[in-house]
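First comes the structure, then the notes that go with it.
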Amino acid sequence: MALAPSFYDRPVVEVAQDLVGCVLEHDGRAGVIVETEAYHHSEPASHAYVGLTARTSVLFNDPGKAYIYRSYGIHALLNAVCEHREVGAAVLIRALEPTEGIARMHALRGVAKEVELCNGPGKLTQALGIDLDLNNTNLFEGPILIHPREDGWKDPKLIAGPRIGITKAVELPWRFSAAGNGYVSRPIPKTFSAPPRRA
44 MALAPSFYDR PVVEVAQDLV GCVLEHDGRA GVIVETEAYH HSEPASHAYV
94 GLTARTSVLF NDPGKAYIYR SYGIHALLNA VCEHREVGAA VLIRALEPTE
144 GIARMHALRG VAKEVELCNG PGKLTQALGI DLDLNNTNLF EGPILIHPRE
194 DGWKDPKLIA GPRIGITKAV ELPWRFSAAG NGYVSRPIPK TFSAPPRRA
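Quick note on numbering: the sequence shown equals residues 44 to 242 in the working numbering.
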């Protein structure tokens with residue numbers, strides 16, 4: 044059973060932490076979410092910072108929507124929309140530990156090492172076959188689904204640090220990863236620790 048819309052109807056920093064350990068699934072392929080980043084309309088790194096536009100309208104939609112956009116004209120990046128419609132907040136899914144459909148992931152990604160299949164937001168969407176046509180779909184109805192944490196991931200230890208690939212609001216430690224996990228996109232410096240759970 045997928046996570047309910049109410050799971051996402053909370054402060055985005057909380058949801059970003061609670062998504063680590065959950066399972067992302069699409070078209071017979073799946074993986075445990077091991078890294079996320081929170082984005083909120085109040086800070087300039089967020090697409091929602093500019094307000095309501097044709098591009099950002101999904102961010103101001105109901106919680107539990109998939110916000111998928113093209114990065115640098117190449118990669119499709121998957122985000123989970125959070126909080127109330129008027130807020131404009133989402134969690135970027137940054138990395139997965141693959142669990143199902145790994146052979147198909149290898150074929151799509153063209154890499155030999157399993158650790159390189161989903162260790163980045165553009166890599167995981169390619170591995171799972173997620174593209175822009177799935178923008179604005181429901182993460183609790185599919186075709187992209189996010190399931191609750193399974194045994195072994197009920198209470199993962201998290202590390203917090205700065206977000207990657209941005210030039211604004213770089214001081215916010217809103218990137219979260221499973222401590223010691225080898226499938227993250229980039230290790231978080233040990234000098235950072237978990238921030239308050241609210242944005």
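Note that CB positions come from ideal geometry on N, CA and C, so glycine has one too. Just so you know, these numbers come straight off a predicted model, no measurement behind them.
- Of all C-beta pairs linking the segment 65 to 81 to the segment 139 to 147, three or more are shorter than 8 Å, placing the two stretches in contact.
- Ranking K197, D194, G208 and V134 by CA distance to the CA of E78 puts V134 first.
- Listed in chain order, the non-local C-beta contacts of R229 below 7 Å within the same chain comprise I207, local neighbours out to five positions each way being set aside.
- For E214, there is no enclosing beta strand (DSSP E), as DSSP gives it neither H nor E.
- At least 7 Å separates the beta-carbon of L62 from that of P191.
- Assignment of V154 by DSSP, reduced to helix, strand and coil, places it in the coil class.
- Assignment of H118 by DSSP, reduced to helix, strand and coil, places it in the strand class.
- Note on S220: 16 or more other CB atoms within 10 angstroms of its CB, so buried under the neighbour-count rule.
- One thing to note: L177 has its Cβ no nearer than 7 Å to the Cβ of I189.
- Within the same chain, E86, P87 and A88 come within 7 Å of A212 by CB-CB distance, once the 5 residues on both sides are set aside.
- According to DSSP, A170 shares a beta bridge with no other residue.
- For P216 and G131, the gap between their C-alpha atoms comes out near 19 Å.
- Ranking T96, D174 and Y226 by CA distance to the CA of S114 puts D174 first.
- In the DSSP assignment, C125 is bridged to A132.
- Residue environment: K166 is assigned as buried (16 or more neighbouring CB atoms within 10 Å of its CB, all protein chains considered).
- In the DSSP annotation of this structure, the continuous segment of the beta strand (DSSP E) that includes E78 starts and ends at R72 to H83.
- Per the coordinates, the alpha-carbon of V55 lies some 24 Å from the alpha-carbon of G195.
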